[in-house]
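A short write-up of the structure that comes next.
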Amino acid sequence: MRCAIVGSGLAALATYATLRHGGVAPEEIAVFGTHEDPLAVWRTRASSIRQRRMRSESDGHLAPASFPGLAVREAVRRGSPTPLLQSVANRYHPSVDDFLAHGDEVRVRSGWEHSFVPRRITRVRAVEGGFELDGEGPFAHVLLATGHPGLAKPEEYPDAVHAYEPHEYASKVAVVGAGMAAATEWINALSAGAEVISVRRREPVRRPLNVPRPLFSKRGLASFHAAPPEKRAAMLRALSTPSYPPGRAWDEPLRSERFRVDSTARGAEQVIAATGFKQGFWHDPLLADLVAEHDLPAHGRWIVLAPDSTVPSLTDDVRTLSIAGIAGQWAFPAADTIAGAKYAARAFRRRACRTP
Amino acid sequence: MSYTLIGRLQTRVVSALPALLVALALQRWWAIELVALMLGIGLLLDVAVYHSLLAYQPGWAAVPLGVLELALVYSAMRWLDLMAPLRWAFALYAIAWVSAQLFAHALFPRARLEYGEAGGELGRAGAVTAAAVAVVVLGGLGAAYAVLPPTVHLHGTIQGPLVIEHAQTLVGGVVKGGILIRADHVTLKNVTVVGGENGIDIENSHHVMLDGVRVLGVSMDGIHVRRSSVMIDDCNVASPKGPWVQGIDISFSMDKEMSMVSGCTIVGTREGIVTHMTMVDVTHNHIGATTLRGITMGEMSMGTIEHNDVLGALGVGIICLDHSECEIEHNTVAGTRTDPGGDPSRAGVAIEAHYFAKATLSNNTVLASPGGVAAFDQATLSR
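Protein chains in written order, with this note's numbering: chain A, 53 to 408; chain B, 24 to 406.
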């Protein structure tokens, strides 16, 4: 078998669909993961936080080619040009339902279930001609898409419920955090009639997407990749500052008298941690083992990757080890987005498809 | 999209492919030249302006940038005297703009998955295609230049009549005794003709352009066109030698390309502009003191008579005559005088349809013309 994907989330599905688009047969791909439905984990999180619209835009979907995007699909379905006009003005954000429905289509169309192996991989070992995954293999080309290594909860609020865990709202809620999840929770809790305390260490940045748009293309990436490691790490740290999009839809609910900002959650009946995910590859046992066992270079919380998301010391003409998702930020700052998943997937496909 | 410079250039050049194919299919040099002009201006803007100003280019920016480039291309066309029919030129530009949008937003992202993240760069296949487009455009330009008619500059006064039997451009000078054009693709620019029967006599010739010509002291027609297609712009016919002189007469050209007369000033002739069996647009001309009619579209001619001034005509200002079909709009006809002969169809009629002609009128201004607007002999006027 030529290719293996470790992980069974959105990045894994995007990679699988991309390989299939490149002509790699299902029999040549093994997908190791814990969820047969690659949308399951994300669906639960989105449902927990009651997310209705994506932050991403028309091309934020899991199909290999960005066209036709979700705006085109919605325009055709509704018989209206409005989604297209919104899209050219960067005002189109697909609904979560549309995104998931399309993801399901991609899963079915790609033949995902033919390649899925329900197994959690704990060790990756470089061997001659490829990699062994928990002793199975070797696989010439492996992409690790293990996802976020766990939810981050502030130590000072051990009883907090995480925004991505199912929850209801008490009458007085403190939301810790200042990013997209926090902003969504402010509005959710206000809509539920709660009094909301926003607990934050810094003012949130208002940004349409996770990172500035030039960093989604070679134009911005070229200087990012050329930067010395310290500068690159500083850029990544700056980009991880919590942010959420600008716009009236976000601002107006916060004018309510039931919303206030405070430095502590004092007086709140419920604390919601909208503090994202644990940061650093060492929180992921598989990646921590990989780095330790193969003595891979790392810089701070990032594994050092080549611009094409591959691990340089374990990638050559006959084998590829790529990392997608949040752990791939050294190659692509927005690695934890759909665009990031596709960036790694496309580079992986280029390598996988040019070797027999 | 955040384009790299190479991505911008490759996207621009390859997206021009549909417009280039249309230009090649048209088999007209102006079409190739226009595509080259569009590409040249676009590439210049890409390098000098867009790349530094637009780190990220949203989809909606295609509209204002398209308008800007259209204005620049149009200005350059005028400045370079690119003789492209305006409607076709706009159509070609529209094809180029629409195809650029379709290519950038649909075709390229579909055909090359990395298109967006590569900043619009098209990879090896794209580079080869871009090079091929560039070679075809440059080759076309070179060929157009190679077959360009020679330009002859006339100095001083030349004794005519001058007979032109090959494609060429004649610039400047004074020709006595008239010019006879008997070849296609002849251009007269800023030439003055003095005397002769017909000042400029064009027969069986296509794509003839008269730009800024002056015709003085002729005894028959200032500009005499038979079975030909001609574009006449900014001409002047004056000082007729005798009472029978017509300013411009374009006749028997119904099966030829459409002709056009615009921006001419004609004074004191028997008829100002007259057509027979011809498709023609007569626009923005100034006709004064004619003794038979100001503008005549006659004998099954078809066309528009727009934005002309006809002043002090004797008998009739503008007439659509004898089975012709005319659109007569935005003209000013003033001071049309009554012919003393007593014919009611010449009783100072500003705008007239005569003998089964069909004229459509709108937004004309008629002043001090006692015959007003009238139809005779089963002709129809509709407004």
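No residue lacks a Cβ here, since even glycine has one placed at the ideal position from N, Cα and C.
Cβ-Cβ distance between residue i and residue j below 8 Å
{"i": "residue 111 of chain A", "j": "residue 100 of chain A", "result": "no"}
{"i": "residue 221 of chain B", "j": "residue 200 of chain B", "result": "no"}
{"i": "residue 214 of chain B", "j": "residue 198 of chain B", "result": "yes"}
{"i": "residue 245 of chain B", "j": "residue 180 of chain B", "result": "no"}
{"i": "residue 115 of chain A", "j": "residue 76 of chain A", "result": "no"}
{"i": "residue 84 of chain B", "j": "residue 124 of chain B", "result": "no"}
{"i": "residue 19 of chain B", "j": "residue 266 of chain A", "result": "Missing from the structure shown is residue 19 of chain B; chain B here goes from 24 to 406 and no further."}
{"i": "residue 344 of chain B", "j": "residue 358 of chain B", "result": "no"}
{"i": "residue 163 of chain A", "j": "residue 78 of chain A", "result": "yes"}
{"i": "residue 310 of chain B", "j": "residue 284 of chain B", "result": "no"}
{"i": "residue 393 of chain A", "j": "residue 62 of chain A", "result": "yes"}
{"i": "residue 208 of chain B", "j": "residue 195 of chain B", "result": "no"}
{"i": "residue 203 of chain B", "j": "residue 184 of chain B", "result": "yes"}
{"i": "residue 317 of chain A", "j": "residue 228 of chain A", "result": "yes"}
8 Å Cβ cutoff, residue i in contact with chain A
{"i": "residue 82 of chain B", "result": "yes"}
{"i": "residue 142 of chain B", "result": "yes"}
{"i": "residue 139 of chain B", "result": "yes"}
{"i": "residue 128 of chain B", "result": "yes"}
{"i": "residue 132 of chain B", "result": "yes"}
{"i": "residue 73 of chain B", "result": "no"}
{"i": "residue 136 of chain B", "result": "yes"}
{"i": "residue 27 of chain B", "result": "yes"}
{"i": "residue 153 of chain B", "result": "no"}
{"i": "residue 116 of chain B", "result": "no"}
{"i": "residue 78 of chain B", "result": "yes"}
Residue i - DSSP class collapsed to helix/strand/coil
{"i": "residue 205 of chain B", "result": "coil"}
{"i": "residue 292 of chain A", "result": "coil"}
{"i": "residue 115 of chain B", "result": "helix"}
{"i": "residue 379 of chain B", "result": "coil"}
{"i": "residue 461 of chain B", "result": "Residue 461 of chain B falls outside the range modelled here, since chain B spans only 24 to 406, and no answer is possible."}
{"i": "residue 252 of chain A", "result": "coil"}
{"i": "residue 106 of chain A", "result": "coil"}
{"i": "residue 176 of chain B", "result": "strand"}
{"i": "residue 224 of chain B", "result": "strand"}
{"i": "residue 73 of chain A", "result": "helix"}
{"i": "residue 170 of chain B", "result": "coil"}
{"i": "residue 267 of chain B", "result": "coil"}
{"i": "residue 89 of chain A", "result": "coil"}
{"i": "residue 148 of chain A", "result": "helix"}
{"i": "residue 214 of chain B", "result": "coil"}
Cβ-based burial, residue i [other Cβ within 10 Å; buried from 16]
{"i": "residue 374 of chain A", "result": "buried"}
{"i": "residue 230 of chain B", "result": "buried"}
{"i": "residue 299 of chain B", "result": "buried"}
{"i": "residue 271 of chain A", "result": "buried"}
{"i": "residue 108 of chain A", "result": "buried"}
{"i": "residue 362 of chain B", "result": "buried"}
{"i": "residue 386 of chain B", "result": "exposed"}
{"i": "residue 375 of chain B", "result": "buried"}
{"i": "residue 149 of chain A", "result": "exposed"}
{"i": "residue 113 of chain A", "result": "buried"}
{"i": "residue 161 of chain B", "result": "exposed"}
{"i": "residue 304 of chain A", "result": "exposed"}
{"i": "residue 50 of chain B", "result": "exposed"}
{"i": "residue 322 of chain A", "result": "buried"}
{"i": "residue 316 of chain B", "result": "buried"}
Closer than 8 Å to chain B by CB, residue i
{"i": "residue 262 of chain A", "result": "no"}
{"i": "residue 240 of chain A", "result": "no"}
{"i": "residue 268 of chain A", "result": "yes"}
{"i": "residue 299 of chain A", "result": "no"}
{"i": "residue 265 of chain A", "result": "yes"}
C-beta neighbour in chain E for residue i, strict 8 Å
{"i": "residue 168 of chain B", "result": "You won't find chain E in this structure, because its protein chains are A and B."}
*Chain-ordered residues of the stretch 101 to 126 of chain A with a beta carbon less than 9 Å from chain B*: Result list: 111, 116, 117, 118, 119, 120, 121, 124.
Next item on the list: Could you run through the stretch 75 to 92 of chain A and flag, in chain order, every residue whose CB is less than 7 Å away from some CB of chain B?
Entry: Cβ contacts with chain B: none found.
*Using a Cβ-Cβ cut-off of less than 8 Å, give me the residues of the stretch 129 to 152 of chain A that come near chain B, in sequence order.*
Identification of residues in the stretch 129 to 152 of chain A having a C-beta nearer than 8 Å to some C-beta of chain B yields 139, 140, 141, 142, given in sequence order.
Discussion item. Give me the subset of the stretch 369 to 402 of chain A whose CB atoms are less than 7 Å from a CB atom of chain B, sorted by chain position.
Written reply: Answer set for the stretch 369 to 402 of chain A: 395, 398.
**OP:** Below 7 Å between beta carbons is the criterion; list the residues of the stretch 267 to 289 of chain A that meet it against any residue of chain B, in chain order.
**Re:** Look at the stretch 267 to 289 of chain A: the residues with a C-beta under 7 Å from a C-beta of chain B are 268, 269, 270, 271, 272.
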